Each structure stands twice: as C-alpha cells, then as structure tokens.
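I have placed the structure first, in the form of structure tokens, so that the comments after it can refer back to it.
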C-alpha cells in the first residue's frame, strides 16, 4: 500500500474487508503514515471498513458510519465541499438508509466501494448464469439515488474468484464508483482507474481528482470551427473578404491562429457564452429541487453533464500492449496506437493474388445506366450532397462541420461547386482534401486492447461531397449488381430481411430430423474494412464494368489519404496507408459490399457445381447458402467434414485475393438437433472453429435457439435503463423527459420488434421504465402520475402524448410483415411461403401449428386484420374477382350487397369479364343486382382494358395505398376518424416554450396538483386554497378566481372584457383565450401571453406553498411581460425552430406561349367518397375559349374526381390534335401523383402515362 501511495500520491484511502482488527489494525494504520482515520472493525475474517487521510492536505469530517458504510464530507480548501460514502456489500437496510439520505443531499456526492453486485450481464464472465433480477434491483437503486456510473479505465473486471473443482475462474465488476451530477460537474476531469491486483482478489480503485481546465496544447489540438461564429455580425463580411474557402484561403486564415478578427470573435463569444451558461446553471441548481415544476426549457444542466460524461468515457487512460502488459503513460499509448494502425493499414503480401473464378460474374448493366455515372456533375447534385449531411457531424482535419457550408451556401456554394467539378474533370487532385483523423470507438464496454476499438475516419466535408455524389450515382445500380443475400446498403432492401430468414433457419435446425444434419457458421472477418486490398477493389470495379474515368476517381479517393490517430483530443503524426477503406467515408460501405459480392459469387458457383450443399426447406426449394449484412455473415451447409473443407476453400480463395482474414477464435458453428456430438467435434477440430449452442445476436437481434423467456430480450431493458437514468430525470424538465423517452422508445425496442415477437412481460417492463422516467421518483417511490399511461399513449389530437404501446407496436410491425408477404417477392417472402404455405395461390389463408416459429404464429394471428384493411386497385381487371374481392372503396366484396341472386356462371367473373368489346361496362349483367350507390361507384371507375397494367393490392388506411406502420398501429388500437376536442390542437400549436406547453396540457387534463386534486388522491385533508382559505382550490380557482391570481389577470385584461373573462366556464375560458389571435390592439399574440400568465401564476403558487418565497406579484408581472416580449421578438424576427413561416404562393391564370394551349381542370366530390363530378376548359395563347367539358363521375373520392378531370381533359386535347399542352390543376396531390408518386387511385395515372 505504501508503494501505491508513493506512485500515485493520494491523500485519502479506504480499505474494505481488511480481515484484521484491534491492536494489529492499529499497527497497520500507524505504518501507513496517515494523520487521521476512521475504522469500522472487521468481524473475524469478514467486514470492516477503514478510511484514512492526511489533515495537511484535506479536511475530512465523518458524518455517519455502520457495519456496511462510512459517510463523510471532504473540504479541500479550493473547491466546493463534497460528500463521500465508502461501503461494502450492498444490503437492503443500507438501500433504505441511502435512499432516505438522498433526499437530504444538497452537495456533490461520491459513492465508492465493493457493491457485491453487477449492473449488466456482460460485467460477469464464467460461473453460473447472471441473475437479471438482481441486476435490475441494483440498477433501480442507482437510478433512485440519481447517481451516475463514473466508469473506469483499466481492467474490465475488478474481482477474480478462485479455481474450484476444476471449473474456470469467475470474473466480475463488483467494485465501482458513482457520483451525482453535481460531483461529476465539480470534477469534470476526474478519472476512475482500476489498478493492477496484488495478492488480493480485488483490484485497487484509484479516483484522480484533476483540476478543471486542463487542456491540450494548441500545437496538438486540431482546429475546430465553432458554430457560434456563424451568428456573429461580422462573420459573413469576413467570409466574403477571404474569398475562395475551397482553395484554403479561409483555412489558412483560421488555422494560422494569427487572425486578430477571429481571436477577438472567439474571446467575445466565449465571454458572452460563459456568462449565459453560468447564469443558467445557477438557475437550474437553485430551482430543480424536487418541486412541482422543473425550470428551464433549455435543459442546460442535462446537456452539460451529458457532455462531461461522454468526454470522460471517450478518454483512454490505459491499455495492454502485445505482451499483455498495461501501459499507462499518455505518450507511450499515443505512439502505440499510431504504430498499431499504421501496421494494420500495411499490406501483408507483396503481390496481389487474383482469382479467375471471380471474373465475369457481375450481371451486365444497361449502357444508358452506365452513362449516368459519368455525365457532368450538376450544381444541384453537389448542393443536395451538402444539405443531406447532418449539420453537426464530427468535422474532419480542416475543422469544418457541414453546418458551415449549409449556413453560408450563398457565399461559398459557387466555390465549392467549382472545386468539386474540377475534381471530377481531373483538374484538381483528391489528395489535397484527403486527410482523415481516426477516432477510436470501443467495440465493447471496457476495451483493454487496441484491436477492441473500431477506427472511424473523420473526413473533410469537401471530400465527403465528392464521394456522396459518386454514391448517389451508384445507388440505382446496386440492386442489379448485388445478390439478394446482401441486405445492407442496397436500395429497396431492409436489415430485417436477413434476420427473418436466419431466425427461421435456426428454428428449422432445432427441429430437424433424419440423417442429413445442417450447420450454421457465424463468420467473423478481422478488421474487414481496414484489410481490404486496393488491387482487389480496382479489380472488382473493372469486373463490374464501371467506366474507367469513374474507377480512376474512386481509386484516387481510396489510395491517396493520409491518416492520423486522434488520441484523447490530440492528433498523432501522419502516416500513409497501403490498403483498407475508411469507416466514415460515405463511399466505403458501397465499395465493401461490391467486394464482398465476389465471395457470394464464389459460393454461388460452388452451389451450382454441386460442391456446396446449402440449406433448403423442401426438396428443389430455395437454396440458402449464406446471408450477409455488410461483413456480418452466416453460412449454411450440410454438416460434414467434406462440406467444411469446401467452405474453407471458398473463404481461403476470397481472403487470398482480397486481403481479408477469418478470425478463427471468434467464428462459431451451430449444429442442428440431429448432428451427433462426435461429428460436431470432428468438424470443429478440422476447421478450428468453436462449437456453440447459441450463436448470440445477428445484426443486433438474438437468434432464438430455445423457447422465448424473460431473459431472451432482457438486453432491451438494460439499454433502456442506461438511457433513462435517474440523474437525467432530475436535470430535465417534463418536456425534456417526454422528448427523451419518445426518442429512446423509437430506437431501442422498435428495431428488434421489426423482426421478432417481444414477450408481453418485456413490453410491460419497458413501459414501466418509461412511466417512472417521465413522472420521476422521490424517496425510492414513484411520484404521482398526473395523467394515466393509457391517456399518454393516445395521439396528441386526442389528448395524449403520442407514446406508442409496445405490444401494439410489435403487432403493427408483424402486420407489416404480413402485408409484405402479399405484396413482395423478396427472398424472405419466398422462404416463408416455401416453409409454411402449401401453394402460392393468393386466396390461401395461412395457418400455424404448435411447431411453427413464434413469428409465423403471430403473422397468422394478424393476417385476417390485414386482409380486412386491404383492397384491390383496378388495373387490367384480370386478377380481381368482380363479386368476391374488395375493389370498390368502402363497400367490400360486392356479394354482400346483392339484391337478388348472382347467376352461377358469373360468380367467378373477373372485373375484366364485366367489360364488353367496346370497352364499356356490361351494365345488364350486374346493375340490377346491386344498389344504386354501388352502381354509381362502379361508374366512377374507368373500365379496364387489356393494355393496362396488372391489378395491385392497396392498403386502405393510407391515402396513397402504401402500407404504413402508423396506420397499422391505429388499426390495432381500433382508432377511426372522429371529431377531436379542439383544445388539444390549440395547445400543441401554441408558440411558446415546450415546458409551458406541457403545463398547459396537464391543465387541460385538470391534473395539476391543486389542493382539491390532492384531497381526491388522499394526500391532504384540506381542500381549501392556502391563500384565500375559504374556497376549494380547483384548477379554475387556482389559475383565475383566487384574489391573488385575479390581481395579475386584471393587469393584462381590459376592463370591458373582464366580466366575460371571469364568468366563463373552465373549458370555454381555455378555448376562447388559447384559440383567439388578438384580444386587443396592444397585444400582438394573446394566446402566447395567456399561456405564459397561466404558467407564472401556478409557479408563484408553488413557490408560496413549497418554497420560502412568499410571493411578489409585482415581480411576477414584470417577469411575464419580459418573457412575452422575448417570445414575441423571436416570432417576429424568425429566430428559433418554432418560427417557421408559411410560404404564401400567389396563384393566377397566365397566357401560354405561342403554339401552346392551356388546359385547366377541376374535380370535386360531395363527401369522400361521394357523388362526384369533373370539368375543364381549353384556351389558346390569346385566352380564347376552345372547348370545355363536364362529367358525372358517379361515386368516388375527391382525388379520383380530380384524376377524372385530368384524364378526360387530356383525351379531349389529344382527339383535337393538340400536342403542346400546359395542364393546370388546383390539386397539389394530383400534380404530385402525376410527377411519379404511386397513388391509391392509380388507374388514371397509369393510363395517362401509357
């Protein structure tokens, strides 16, 4: 211990479980040379906590202690005082004490010790299975205490068990350090280090409290453009003076650090920004103290704390070298990282080894498609590439983010376009802008080696513009060049496609019988992007028949970069790679997919030659030999040594040519149920691949090897708990918590739901975590939920927040899969049909047996719901049965509306059969059998003809016929179009702060915690107002009728309006004041003012009841006027996200040019659908009338009526011999449909296009 102290010079030390006590303990403490100490004596060989410190360096006061903890306060004399708690083995009684003391904590607080618990399953290795319930309980304790896990640098596991009965050791992370957000902000540079273990089974934990403000020197820190500069008054003028930024003028001016303007600009902005942030942080620390209202819509403290946490997580303090020795020195680590990645990007072989088996396998691309790759670059392409980037993406070495180019496009756009065009024309070299920083992203939570980091290249924006233009031109060709087994970076394919197939194959393997076994191999390619051979890339592009000029440009982008490692904020020396492509370059994924396609070609060739025996569901069925998502690869083959040899031959051939390497240690084999253990062991021994009973996750979703249990998707709960922690709830307003909750729900669980069925228990737990986060906790108990969860999950227009119910959302995604089975012919659809459907007839209704997969069972359950909301879109009428199918809007199958009896010979007639040779409806065959409204509905459709396109199915719940998960969710919730309470629309369209908007939402629900509401919830015995003492404190009383509230209202409401204002009912009062535009000439925006006054009145009441402030109504009035003025200025000047002005477009008739005529058409319906008509007029270039038309369309929708008008009008102009026609319609929907979007009423559009 003295050696540790000499090395690290710490002033406070704690020893847990010393295993000594009494005189022997006194002697040890004396030898450690500390001035003061506090001890909780050990009980025999267990327990005991010692805390020792030097009074000359720090002042420590012990506040409380017990058998399991010591609690005290530290005063260093420089910073704010802070609390600490050292303890051993968390106990239930300590949990309660800690939670009780949490309420009293008003200082920075650090908690450290041996918790004897883990937070997540990956914090344990070896031994018995992880008890997830214990993990959840520990995580909930951390959340309720509002603590932040400070993380650690060094070994991942802090405790090592012994070897017993020949079993392997158990490793766990039992020792850790927590802090609240105040402590994290106070010591923003603090590091937690796990030091090497010596004799003890626990590693020592060192907490380094560094001074705030330690920075990297300017010579090492890369230049970064500050987005705040954009808003400076002089910046635009400076940018114009500097000239052409793409020729390094601006870069030299800024990076040279000699420009006095930017010096002054940075100083001014830093000073101003620091003052604002300091004021806001003080405001938050004073006000966010577990009261009813969390102040501050900017959530500054949350973002500040979040930034500090991320910054500390990204720091790398220690790693092991190739000799497995820990390296702690910053300079050695930086040099080690540079050497590692320089070696990684160097070629292993001197000579490129190609393969003839991979030549000529790419399909031919039409010449006109290839020509699109090399046409001159347009300015619009370049601009689109710039504005498609996220504004604040990490900048490249030049320091500029996309927001610079997007905000200053009027100034720099022309220069950027000229520079990019010169690169495509060969006038400029890509190498000038082709330098990248490599940032290291951990692949695992606590990496120990450099190979456990993923190097992401930060490229310059101008370079990314070049590659994005190339990518946008390549995208249309990818579906033809890349086989179906690859589902990544190919337009029209989805990540879930391969997940579904992989799940179903594993399900079949679990139940496979017979002699022929199957094996699934999860292949791991080492550093797949970084090892890719440049010669192989060139060979692939040539083999795919890309134009030579494009190949030259692509290879310049790949072969000319210089790289440097960005290590803890400072850049290493540059080095030049000899192979590999950069993750972070928009072009890289598409190049990699093209190269990996050549492995697919080798495998497909082996399958065709009969050497590779793939997996098939049935004889002569679809053959699945492999699935790919970028480099995530699954191989399927017959389980035999010979097949494994064939597989390795294919892999070796590809690796020899491409420079790839298969990681033998990470590659796993899973065998079907009917494969013997001896055969499995033999295959594993010959291949070197490890046998497993669980392949784990594939593309982030677990492959199901057994029955679904609570543990199967427990990782979703772990991720949610990490995202929605207690400290975030404390530092976010209600509006912020709602926003974060919805953002997390829309990413973490919904991804897995797209290809899997999540258990009800897991869905309920997800919703429970979200509820607790939104409403918060206090003293270890949930706070009062002002609005119930069912109401929260309703749409905003119905009074909810639009949060999705997890189980219902899961069903909506399954409905999407069911819809896909009826519409698509993708590989996953063909696979499911072969496995479960006996035939491909469209009238087959799928059924499920007990042996089928969970996903297929759920598809069968929702199938009927999907069919009920699906109808046919009439094309040539050859597939639609006139009587049995649903093809008329809102009527369903026509046989349900029969007046008489359908003739037997016409019962199976198609719609095409009901049209005569002249292209007219056969009214005599059906008009007398159906009601007149349906007859008019038939009249609203153009009779189909043979040359029209095929019939298609459409989704009834969307306006354009496409399936939308949103509408499927509404179907599951049984929501239909209805009249909504207007108050919700008024509230969500209110223009003020989001936190006030959420307050107004709770007011509209009559859910704010007045005394009357608290009495109803049995929280108080007094229903009366605390200020006037003789009235029940209802919502309307608290916010309007109470004398103190009335005094404030009288300042803002004119005398002549007060009688009506104070006499209205609560609902009428809210609607009339929130919906009106102006109350008087002096008020520019009365609804905005009204909402702010409501919020301030409630805020003052809360301060009077729960705080020391007894109210200052004059100060409140000044605060209201100040906030109203600020918001009004924002709305007038257009600053801020909510101030989006509506674009008003003047519409008027103009004369067409000479030799042109103009056709104006219109259509309408009485109801939607309803009785409809169409008409139009044709005029020449002088405005003279040429012709006109009207038509009764029967019964159809308004869009169909508009389309009828277009159709008849164009037919009229064609018949009269006019070919130069300008068409005008007042329907934006119809114009959009004619420009290419697929509509529900697709018949007219297709006919017009033909």
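Numbering (UniProt numbering), first residue to last: 1 to 1250.
Heads up, the beta-carbon is just placed ideally off N, CA and C, and yes, glycines get one too.
Just so we're clear, the structure is a prediction, and the values are computed from it rather than from any experiment.
Query, Result
"Rounded C-alpha distance that separates residue 754 from residue 516", "32 Å"
"Terminal residues of the alpha helix (DSSP H) in which residue 626 lies", "First-last for residue 626: 626–629, but that is the beta strand (DSSP E), not the alpha helix (DSSP H)."
"Where residue 704 falls: helix, strand or coil (DSSP)", "coil"
"Where residue 746 falls, given that 16 or more other Cβ within 10 Å makes a residue buried", "exposed"
"Through-space distance from residue 127 to residue 981, alpha-carbon basis", "58 Å"
"The region 437–456 in contact with the region 366–384 per 3-pair CB rule at 8 Å", "no"
"C-alpha gap between residue 430 and residue 397, whole angstroms", "15 Å"
"Where residue 896 falls, given that 16 or more other Cβ within 10 Å makes a residue buried", "exposed"
"Whole-Å CB distance - residue 583 paired with residue 454, under 8 Å assumed", "7 Å"
"For residue 113, the first and last residue of its enclosing beta strand (DSSP E)", "109–114"
"Reference residue 642; option with closest CA among 713, 519, 634", "519"
"Alpha-carbon spacing of residue 970 relative to residue 890, whole angstroms", "18 Å"
"Sufficient close CB pairs (3 or more, under 8 Å) joining the region 54–71 to the region 7–25", "yes"
"Cα-Cα separation between residue 134 and residue 121, rounded to whole angstroms", "10 Å"
"Uninterrupted alpha helix (DSSP H) stretches inside the region 335–423 (no shorter than 4 residues)", "367–371, 379–387, 402–407"
"Coil, strand or helix - residue 805 by DSSP", "coil"
"Delimiting residues of the beta strand (DSSP E) encompassing residue 435", "435–442"
"Cβ-Cβ distance between residue 1221 and residue 1213 below 8 Å", "yes"
"CB-CB length for residue 1194 against residue 937, believed under 8 Å", "6 Å"
"Option nearest residue 143 by Cα separation, candidates 1057, 773, 1032, 1101", "773"
"Beta bridge counterpart(s) of residue 927 as assigned by DSSP", "Beta-bridge pairing links residue 927 to no other residue."
"Pair within 8 Å by beta-carbon distance, residue 485 and residue 368", "no"
"For residue 891, the three-state DSSP class (helix, strand or coil)", "coil"
"Same chain only: Cβ atoms within 8 Å of residue 964, ignoring 5 sequence neighbours per side", "955, 957, 958"
"Short Cβ contact (8 Å threshold) for residue 717 with residue 766", "yes"
"Under 8 Å between C-beta atoms of residue 23 and residue 42", "no"
"Spatial distance of residue 646 from residue 346 (CA atoms)", "30 Å"
"Residue 18 to residue 47 span [Cα, whole Å]", "8 Å"
"Distance CB(residue 799)-CB(residue 984) smaller than 8 Å", "yes"
"Reduced DSSP secondary structure (H/G/I, E/B, other) of residue 638", "strand"
"For residue 616 and residue 605, believed in contact at Cβ under 8 Å, the rounded distance", "At roughly 18 Å, the Cβ-Cβ gap does not stay under 8 Å, so residue 605 and residue 616 are not in contact."
"Nearest-angstrom Cα separation, counted from residue 811 out to residue 858", "8 Å"
"Bridge partners - residue 237, DSSP secondary structure assignment", "BP columns for residue 237 are empty, so no partner."
"Of the residues 456, 491, 558, 400, the one placed nearest residue 467, counting alpha carbons only", "558"
"Proximal residues to residue 63 (C-beta, below 7 Å), its chain only, five neighbours per side dropped", "71, 72, 73"
"Residue 758 vs residue 721 beta-carbon contact at 8 Å", "no"
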